[in-house]
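From first to last, the protein sequence lines stand for chains A and B.
To convert, note that position 61 of the first sequence is 61 in this note's numbering; the numbers rise steadily by one, no gaps.
To convert, note that position 257 of the second sequence is 257 in this note's numbering; the numbers rise steadily by one, no gaps.
To start, the structure itself, in structure tokens.
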Amino acid sequence: MFLRLLFESFRRQKRRKTVALLAIALGMSIATAMIAVGTDIGDRINQELRGLGANLLITPVEDTLEVNVGDMNLKPAGEGAYIPESSLAKIKGIFWEHNIKGYAPFLSAQESFSAGDRTFKAELIGTYFAQPLHYGKQEFTTGVRTVNPWWTVEGEWPEDYATWPQNEGQPPAVLAGSKLAQQSGLGVGDQVEIAGRKLRISGVLNTGGPEDQAIVAPLHIVQTILHLPNAVHRVTVSALTKPEDAFARKDPDKMSPAVRDRWYCSPYANSIAFQIREVLPNVRVEQIRQVEQNQGKVLSRVSGLMLLLTLAALLAAALAVSAAMAATILERRQEVGLMKSLGAGNAAVAGLFLTEAGFLALAGGLIGFVAGSVLAHRIGQSVFGSAIVVHPVVLAVVLFAAVLVTFVGSVGAVRKAMQFDPAVVLRGDA
Amino acid sequence: MSRRTLLLRLLFKAAWVRKDRALTALISVGVVATIATAALTVYSNLEGTLGREFRSFGANVVVKPRSASLTAEQLRRLQEQASAGSRSVPVAYVIATGPGDTRVVVGGTELRNFREMNSWWSMRQDAGMTGTALLGSKAAQQLAPTGGAFELTLGDKHIQLSPAAVFTSGSEDDSRIYLDAGDFQKLTGAGWQMWLMQVEGGPREIHEAVSKMRSAVPEAEVEPVRRITQTQTAVVGKTRAVVLASSIIVVILIMLSMAATFTSSVLERRKDFAVMKALGASNRTVNFMFAAEAAFLAIAGSAAGFLLGSGIAFWIGKVNFDAAILPQPALLLPVLLASVALALVASTAPLRLLQRIQPAGILRGE
Numbered sequence: 001m002f003l004r005l006l007f008e009s010f011r012r013q014k015r016r017k018t019v020a021l022l023a024i025a026l027g028m029s030i031a032t033a034m035i036a037v038g039t040d041i042g043d044r045i046n047q048e049l050r051g052l053g054a055n056l057l058i059t060p061v062e063d064t065l066e067v068n069v070g071d072m073n074l075k076p077a078g079e080g081a082y083i084p085e086s087s088l089a090k091i092k093g094i095f096w097e098h099n100i101k102g103y104a105p106f107l108s109a110q111e112s113f114s115a116g117d118r119t120f121k122a123e124l125i126g127t128y129f130a131q132p133l134h135y136g137k138q139e140f141t142t143g144v145r146t147v148n149p150w151w152t153v154e155g156e157w158p159e160d161y162a163t164w165p166q167n168e169g170q171p172p173a174v175l176a177g178s179k180l181a182q183q184s185g186l187g188v189g190d191q192v193e194i195a196g197r198k199l200r201i202s203g204v205l206n207t208g209g210p211e212d213q214a215i216v217a218p219l220h221i222v223q224t225i226l227h228l229p230n231a232v233h234r235v236t237v238s239a240l241t242k243p244e245d246a247f248a249r250k251d252p253d254k255m256s257p258a259v260r261d262r263w264y265c266s267p268y269a270n271s272i273a274f275q276i277r278e279v280l281p282n283v284r285v286e287q288i289r290q291v292e293q294n295q296g297k298v299l300s301r302v303s304g305l306m307l308l309l310t311l312a313a314l315l316a317a318a319l320a321v322s323a324a325m326a327a328t329i330l331e332r333r334q335e336v337g338l339m340k341s342l343g344a345g346n347a348a349v350a351g352l353f354l355t356e357a358g359f360l361a362l363a364g365g366l367i368g369f370v371a372g373s374v375l376a377h378r379i380g381q382s383v384f385g386s387a388i389v390v391h392p393v394v395l396a397v398v399l400f401a402a403v404l405v406t407f408v409g410s411v412g413a414v415r416k417a418m419q420f421d422p423a424v425v426l427r428g429d430a
Numbered sequence: 001m002s003r004r005t006l007l008l009r010l011l012f013k014a015a016w017v018r019k020d021r022a023l024t025a026l027i028s029v030g031v032v033a034t035i036a037t038a039a040l041t042v043y044s045n046l047e048g049t050l051g052r053e054f055r056s057f058g059a060n061v062v063v064k065p066r067s068a069s070l071t072a073e074q075l076r077r078l079q080e081q082a083s084a085g086s087r088s089v090p091v092a093y094v095i096a097t098g099p100g101d102t103r104v105v106v107g108g109t110e111l112r113n114f115r116e117m118n119s120w121w122s123m124r125q126d127a128g129m130t131g132t133a134l135l136g137s138k139a140a141q142q143l144a145p146t147g148g149a150f151e152l153t154l155g156d157k158h159i160q161l162s163p164a165a166v167f168t169s170g171s172e173d174d175s176r177i178y179l180d181a182g183d184f185q186k187l188t189g190a191g192w193q194m195w196l197m198q199v200e201g202g203p204r205e206i207h208e209a210v211s212k213m214r215s216a217v218p219e220a221e222v223e224p225v226r227r228i229t230q231t232q233t234a235v236v237g238k239t240r241a242v243v244l245a246s247s248i249i250v251v252i253l254i255m256l257s258m259a260a261t262f263t264s265s266v267l268e269r270r271k272d273f274a275v276m277k278a279l280g281a282s283n284r285t286v287n288f289m290f291a292a293e294a295a296f297l298a299i300a301g302s303a304a305g306f307l308l309g310s311g312i313a314f315w316i317g318k319v320n321f322d323a324a325i326l327p328q329p330a331l332l333l334p335v336l337l338a339s340v341a342l343a344l345v346a347s348t349a350p351l352r353l354l355q356r357i358q359p360a361g362i363l364r365g366e
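Structure (structure tokens):
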């Protein structure tokens, strides 16, 4: 009997049921889309913040002071300590390897160049542009093109030569800083000479920083020129990190093993720095505080904003669904009156209505989840250029929320409908 | 009873007799107006509020003289071009020799402002540090490992200094020493080499300020710090886009849901409709009755929603940005008009369906 009532109610009141279903599905697609976007936004903005460049700096422990001002680097190339280039790939072997977006080694010295009959002094900087490397079975590409995304080149990026190219007619390609190029009249295709070796300018580099006054060359070319094989002065690392909190600043040496594990397994800048020190001996790893301290603030503001907007949207969706449910049930008080006059108890009436609401909630939640996933996908595609994938756990959350919200909306209305005297309702006076 | 009072009475009674129905309709409109107002208010304020967060990244524009130094007059003209709240700090560098023939970069600046601009520095002040020089952590290790006084030499000039504090920045500044203008003058006698400016505002304001400064003082080389301005553009732009896209989706979906509820409740009132028609009301009058009721509810609901939505936006600003997001009065009219239009469409569209049926048929229950 109960099942029949239920079935007939759906069959005969198609319009009412469609409206309720529509309202639930719409509300739940809002919930799905907002939860998906809200939980994903942190990662997306973190990726965008990598545009600030590296957030960790690796230098040798036994280093002397840096002596560089603007475009001048007065530290002689032979002074100070070095990090062996060959050991750098180990950075990709730490616990948080997937959070390392890339790293760029640097080796630099003040040198004299000649172009035609002119000579000029400039800093010679060696680095990776997009160097393919492997660590164990991992293949990856790293260099300034990923670490310093604000570097732009007019012309072509040089390749990362493994050794000095033997072809005489085609000297190795390098970049000339934009200001240096302007002052010294250098352009794409020109050749410069340093210590009897020829270099070809393949592009003009614009960074808005001191590199604009330098010659930037592939690392191995600079190592050959300076006679410092396998040496780098410093390495900058760009890593995805979690904003620093009080726990992150604790000293790992003073922690209990369990707490230390938790610290070690959180992607704080400090714990990533700690892990890099473990694989690279004799280096100092420091967070670049301008980037690391401030990006966390921006990140938490954006995530906080989306969290609050998500909450507001969820609340609005819940209200809309409740209102829709209440409206459809309130219109059915004649039915309630009829059932009651035929002898149905309050429990039976409420049971029927709530079961109906439950079915509607599940169906609406499912439709809403699918529609919401599509919407989240679209937002990801259009704003970030990559899809936002909705976690399956969200389905459970959405279904639960749908049932909860429809019940809350229904219960009040059902109670209200039952308060009326059946005779009055049936006469149409209420 | 005049026609007008009758109409008012009908409208009022329709809402009063079925309070719950009127209330659900009111809530539906109110929810749409609230969420639309909150989202749009936050969205229109986002460039300012989120842009302010980038203030902590320090200087976003660097000004250098093309030759010699800039005069006070030129500097004043430059500062005038930047938006209100912008700051600037002069800096100059020399390379001096410290104890043990260590070469060290010495920067002269207005220390207090410079520290404020580099807010990310972590400062350490050991007991007994009462001097005037700010030492980078690496420089401190080499020049004053015990925190005591040391001497700097530049050419034939000497200056005795002791540290005020040691800072860590994680950049090449850690190898440097910063002095206040007075000490720096004693050591070098040289003028300022550049000005670090922090232009207040979003990417657009910074861009505008840079081009205005360039044309106002052609003797100065004005460069934005692209690393910071570009990231600011990307982060603020993408956040705005996400907020806008998700708000549009939320508002449209809630509007649909509300329209469905509205339409359905009008259809439930087919008996009212039939009674009015049977008593001799024309289609126009009935349409007008239903539309007036819907418009009345929509105005009340959206006005309440605007207030509530502005409140939510203000609260979001307070909680998340520590800044007030003020209500946008310009939003009131669009929100009001859109709600009324929506309610009118949602309430009169189903009437057209009913008009096809004979009132007698509806009254008989067909």
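A virtual CB, placed ideally from N, CA and C, is assigned to each residue, including glycine.
- Considered as a whole, the region 291-358 of chain B harbours 329-355 as its complete alpha helix (DSSP H) runs of no fewer than 4 residues, in chain order.
- Around A/Trp150, the beta-carbon contacts reaching into chain B at under 7 angstroms are Arg226, Arg227, Gln230.
- Pairing B/Val217 with A/Gly155, the inter-Cα distance amounts to about 31 angstroms.
- Chain order gives the chain B residues near A/Ser29 as Ile249, Leu253, where near means a beta carbon separation below 9 angstroms.
- With respect to chain B, the C-beta atom of A/Val336 has no partner C-beta closer than 8 angstroms.
- The Cβ atoms of B/Val32 and B/Gly305 sit closer than 8 angstroms to each other.
- With respect to the C-alpha of A/His98, the residue from A/Ile45, A/Leu133, A/Leu180, A/Thr241 having the closest C-alpha is A/Thr241.
- At a cut-off of 8 angstroms, the C-beta of A/Gln13 has no neighbouring C-beta in chain B.
- The DSSP assignment places 173-177, 191-194, 197-206, 214-218, 234-239 as complete runs of the beta strand (DSSP E) inside the region 167-254 of chain A, in order along the chain (cut-off: 3 residues).
- Put simply, the CB of A/Leu360 is far from chain B, with every gap to its CB atoms at 8 angstroms or more.
- A/Val19 and A/Ala387 have their C-alpha atoms spaced approximately 31 angstroms apart.
- For the 8 angstroms CB-CB criterion, A/Ser322 and A/Val414 do not form a contact.
- For B/Val61, the three-state secondary structure derived from DSSP is strand.
- For the pair A/Tyr264 and B/Ala324, the Cα-to-Cα distance works out to about 38 angstroms.
- Here A/Val232 has Ile83, Glu85, Pro105, Leu107 as same chain residues with Cβ atoms under 6 angstroms from its own Cβ, once five neighbours each way along the sequence are excluded.
- When C-beta atoms of the region 75-86 of chain B are compared with those of the region 166-175 of chain B, fewer than three pairs fall below 8 angstroms, so the two segments do not count as touching.
- With a threshold of 8 angstroms between beta carbons, B/Thr109 makes no contact with chain A.
- Residues of the same chain with a CB within less than 8 angstroms of the CB of A/Leu88, apart from the 5 flanking positions on each side, are Tyr103, Pro105, Val232, Val235, Leu280 in chain order.
- Rounded to the nearest whole angstrom, the CA to CA distance from A/Pro149 to A/Gly51 is 6 angstroms.
- With a threshold of 8 angstroms between beta carbons, A/Phe384 makes contact with chain B.
- Chain B has a Cβ within less than 8 angstroms of the Cβ of A/Thr328.
- Shown here for B/Arg124: same chain residues with a beta carbon closer than 7 angstroms to its own, the five before and five after excluded, namely Ala165, Val166 in chain order.
- Considered as a whole, the region 99-130 of chain B harbours 103-109, 122-124 as its complete beta strand (DSSP E) runs of no fewer than 3 residues, in chain order.
- Straight through space, the alpha carbons of A/Val153 and A/Val204 are spaced by roughly 5 angstroms.
- Contacts between B/Val319 and chain A, judged by CB atoms closer than 8 angstroms, involve Gly304, Leu308 in chain order.
- In terms of CA proximity to B/Thr71, B/Trp192 leads the group B/Trp192, B/Ile254, B/Ala38, B/Gly202.
- Sixteen is the threshold: since fewer than 16 other Cβ atoms of the shown chains lie within 10 Å of the Cβ of A/Met1, the residue is exposed.
- Judged by DSSP secondary structure, B/Phe150 falls outside any alpha helix (DSSP H) and instead within the beta strand (DSSP E) spanning 150-154.
- Taking a Cβ-Cβ cut-off of 7 angstroms, the neighbours of A/Gln293 in chain B comprise Trp120, given in sequence order.
- Taking 8 angstroms as the upper bound for CB-CB distance, A/Thr328 and A/Leu6 are not in contact here, some 15 angstroms apart.
- Checking the DSSP bridge columns, you'll see A/Glu139 partnered with A/His134.
- With a cutoff of 8 angstroms on beta-carbon distance, B/Glu110 and B/Val89 are scored as near each other.
- The C-beta of A/Val259 has fewer than 16 other C-beta atoms within 10 Å across all chains shown, which makes the residue exposed.
- Residues of the same chain with a CB within less than 6 angstroms of the CB of B/Gly309, apart from the 5 flanking positions on each side, are Thr34, Thr37, Ala38 in chain order.
- Distance from the CA of A/Ala361 to the CA of B/Ser282, rounded to the nearest whole angstrom, comes to 41 angstroms.
- A/Val302 places its beta carbon less than 8 angstroms from that of A/Ile41.
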